[in-house]
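If you're matching them up, the sequences are chains X and P in order. With the working numbering, letter number 97 in the first sequence gets 101, and the count goes up by one each step, no holes. With the working numbering, letter number 24 in the second sequence gets 28, and the count goes up by one each step, no holes. Beta carbons are placed, not taken as given, at the ideal position from N, Cα and C, and that holds for glycine. In this text, all values refer to a predicted model and were calculated from it rather than measured experimentally.
Protein chains: 2
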Amino acid sequence: MRVLIVEDEARLAEALGQIMEEQRYLADLTYNGPDGLAYALTGQYDVIVLDGMLPGLDGLEVARQLREAHISTPILMLTARDEVSDKVAGLDRGADDYMTKPFASEELLARIRALARRQGEVQTEVLSYAGLILNLSTRCLQRGEREVRLGFKEFEVLRILIAYPKMVVPKEEIILKVWGAESFAEDNNVEVYVSFLRKKLQFLDSQVTIRTVRKVGYYLEVEGA
Amino acid sequence: MRVLIVEDEARLAEALGQIMEEQRYLADLTYNGPDGLAYALTGQYDVIVLDGMLPGLDGLEVARQLREAHISTPILMLTARDEVSDKVAGLDRGADDYMTKPFASEELLARIRALARRQGEVQTEVLSYAGLILNLSTRCLQRGEREVRLGFKEFEVLRILIAYPKMVVPKEEIILKVWGAESFAEDNNVEVYVSFLRKKLQFLDSQVTIRTVRKVGYYLEVEGA
DNA sequence: GCGCAAGCTGAAATCTGTCTGAAATCCGCC
DNA sequence: GGCGGATTTCAGACAGATTTCAGCTTGCGC
Chain X
5 MRVLIVEDEA RLAEALGQIM EEQRYLADLT YNGPDGLAYA LTGQYDVIVL
55 DGMLPGLDGL EVARQLREAH ISTPILMLTA RDEVSDKVAG LDRGADDYMT
105 KPFASEELLA RIRALARRQG EVQTEVLSYA GLILNLSTRC LQRGEREVRL
155 GFKEFEVLRI LIAYPKMVVP KEEIILKVWG AESFAEDNNV EVYVSFLRKK
205 LQFLDSQVTI RTVRKVGYYL EVEGA
Chain P
5 MRVLIVEDEA RLAEALGQIM EEQRYLADLT YNGPDGLAYA LTGQYDVIVL
55 DGMLPGLDGL EVARQLREAH ISTPILMLTA RDEVSDKVAG LDRGADDYMT
105 KPFASEELLA RIRALARRQG EVQTEVLSYA GLILNLSTRC LQRGEREVRL
155 GFKEFEVLRI LIAYPKMVVP KEEIILKVWG AESFAEDNNV EVYVSFLRKK
205 LQFLDSQVTI RTVRKVGYYL EVEGA
């Protein structure tokens, strides 16, 4: 687990680092807003512990800018007092949880764990190939920034192909797995869906293409290879 | 706080679920050993309430296997009689506390809290996602200045979705958790509430949207991402 | 190069879940 | 009993998914 700590009060920052240390978490310490933001923007952390009051650029603003930059790393905000307005302001700007100082290290750890868990350490199952990511639960296909939603059949077809890239999958088999044994689906049905998929791959500007093997079936390959 | 309940006696299981409900704990109910074990193995719970006698795979064995799998979620074992041998056996296999039936709900809650506390878990009073704040005690949903009050069912549905944003929650599961196992609620009920919620999200002018995965369920996401 | 079989793809038709407004019903509360 | 909000029911509108079809392109053997 990688944790970024942004806390100006040196003593507290050290203590936090210590706590992380004991959990064998990899922690980076930063002591002001701009540094914190810069580190956080790398997007490499699992959780960010962010003080609300910071010199230079305050915590609320850091949170806001992170969200604006589409960095979705969970943020645990530390607020000095339990002023309701502070809490709300933090959550408002994109923090995911908050804690008022002082706090027990147990609680800190519990909240960090909770955030990490929520984030999707719960395995978001995906299949991927050459920069193409197929999310098995949302049925979304993404590449870089772009993302498209796949219909059920599109999804099933692609799933079969992406599971074994470069291996030719007979149309027969696709029909069997997607339409089921007793369907009357014909080859053309598969062709239609392959066509749909190719269009979406193109839209995603992916290198991956679906190749045809005449009289047999299809397989995935990286373009140009 | 997430609690897993493994109890074969349906009536008692429901009662436990009810108690958890009142505390605003997220509880999953399972009615036999194998299911309980499978759920518990996900490691997503803060406490497991486990009946000692279960069909299929008994509670002691479930506890043992959990510990063997290095799942350290605290276990509160329920034993039918106050047979000393049972208690000892339970604690032996990795249970952390036990209680004899019948018991007062007060005591159950106290013990659950104690176990959770030991674990370092904390009761959060709000859930938030992308600037959306769901207040668990007032059932209010706010974003920026605006705020709306949610009905009970609306609240429950949203709570499930916001607990794990971006994770698809099957309608089936929503029905189970909000309406209960033996309800005759249909898919359309969920759809209606989702519709209500979308309207309120829109009113709040939130970035968060409830997305549909056809034939499966729903998930929360930030618009435009 | 020819011709045919196989494959591609756009458009139309159809089908199937989903959405949503409105009415009906329930329920706690005065 | 009546009121008001919450919940359920229902049906038509809607949207997206799937199928069908026809015309066109491509690949391959001859």
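- Listed in chain order, the beta strand (DSSP E) runs fully inside the stretch 147 to 221 of chain P are 150 to 153, 212 to 217, counting runs of at least 3 residues.
- In this structure, L205(X) lies near V212(X), with their beta-carbon atoms less than 8 Å apart.
- Restricting attention to E72(P), G56(P), N192(P), T77(P), the CA atom closest to the CA of A118(P) is found in T77(P).
- Going by C-alpha positions, V66(P) is about 10 Å away from L45(P).
- In the DSSP assignment, M57(P) falls outside any alpha helix (DSSP H), carrying neither H nor E.
- Within the stretch 145 to 177 of chain P, the residues whose Cβ lies closer than 9 Å to any Cβ of chain X are, in chain order, Q146, R147, G148, A167, Y168, P169, K170, M171, V172.
- Y102(X) is not a Cβ neighbour of M171(X), given a cutoff of 8 Å.
- Restricting attention to I137(P), E160(P), K203(P), the CA atom closest to the CA of E149(P) is found in I137(P).
- Residue pairing by DSSP places S132(X) opposite I137(X) in a beta bridge.
- In this structure the stretch 140 to 149 of chain P does not touch the stretch 172 to 190 of chain P; the number of beta carbon pairs closer than 8 Å is below three.
- Between R68(X) and G98(X), the C-beta gap is smaller than 8 Å, which places the two residues in contact.
- Listed by position along chain X, the residues whose Cβ is nearer than 8 Å to that of S132(P) are L95, A99, D100, D101.
- Partner residues in the beta bridge of A31(X), as assigned by DSSP, are V7(X).
- For Y102(X), the enclosing beta strand (DSSP E) begins and ends at 101 to 104.
- Residues of chain P with a Cβ closer than 7 Å to the Cβ of S141(X) are, in chain order, M171, V172.
- V7(X) counts as buried, since no fewer than 16 other beta carbons sit within 10 angstroms of its beta carbon.
- Closest option to D96(X), judged by alpha-carbon separation, among Y133(P), L64(P), A73(P), L41(P): Y133(P).
- V226(P) is bridged by DSSP to V212(P).
- In the structure shown, L16(P) adopts helical secondary structure according to DSSP, grouped into three states.
- Against chain X, a Cβ distance below 7 Å from Y223(P) picks out T142.
- Within the stretch 191 to 218 of chain P, the residues whose Cβ lies closer than 8 Å to some Cβ of chain X are R215, V217, R218, listed in chain order.
- Residues of chain X with a Cβ closer than 8 Å to the Cβ of I137(P) are, in chain order, V92, L95, D96.
- Bounds of the beta strand (DSSP E) holding I79(X) are 79 to 83.
- For the stretch 12 to 34 of chain X, no residue has a beta-carbon sitting nearer than 9 Å to a beta-carbon of chain P.
- For L61(P), the closest alpha carbon among the candidates G135(P), D12(P), P38(P), I52(P) is that of P38(P).
- By the Cβ-count criterion, V51(P) is buried, with 16 or more other Cβ atoms from all chains shown falling within 10 Å of its own Cβ.
- Residues of the stretch 56 to 86 of chain P with a C-beta atom less than 7 Å from some C-beta of chain X do not occur.
- Our two residues, M57(P) and D191(X), have alpha carbons roughly 54 Å apart in a direct line.
- Below the 9 Å Cβ cutoff, chain X contributes no neighbours of T104(P), its closest Cβ being approximately 29 Å away.
- Under the three-state reduction of DSSP, I75(X) is assigned to coil, being neither helix nor strand.
- Beta-bridge annotation (DSSP): L145(P) is paired with L138(P), V152(P).
- Proximity of R121(X) to chain P, defined by a Cβ-Cβ separation below 8 Å, is satisfied.
- Nearest in C-alpha terms to G135(P), of all of I79(P), S210(P), K157(P), I179(P), is S210(P).
- Put simply, the CB of Q127(P) is far from chain X, with every gap to its CB atoms at 8 Å or more.
- G155(X) and Q123(X) have their alpha carbons spaced roughly 26 Å apart.
- Taking the C-beta atoms as reference points, I23(X) is found nearer than 8 Å to L113(X).
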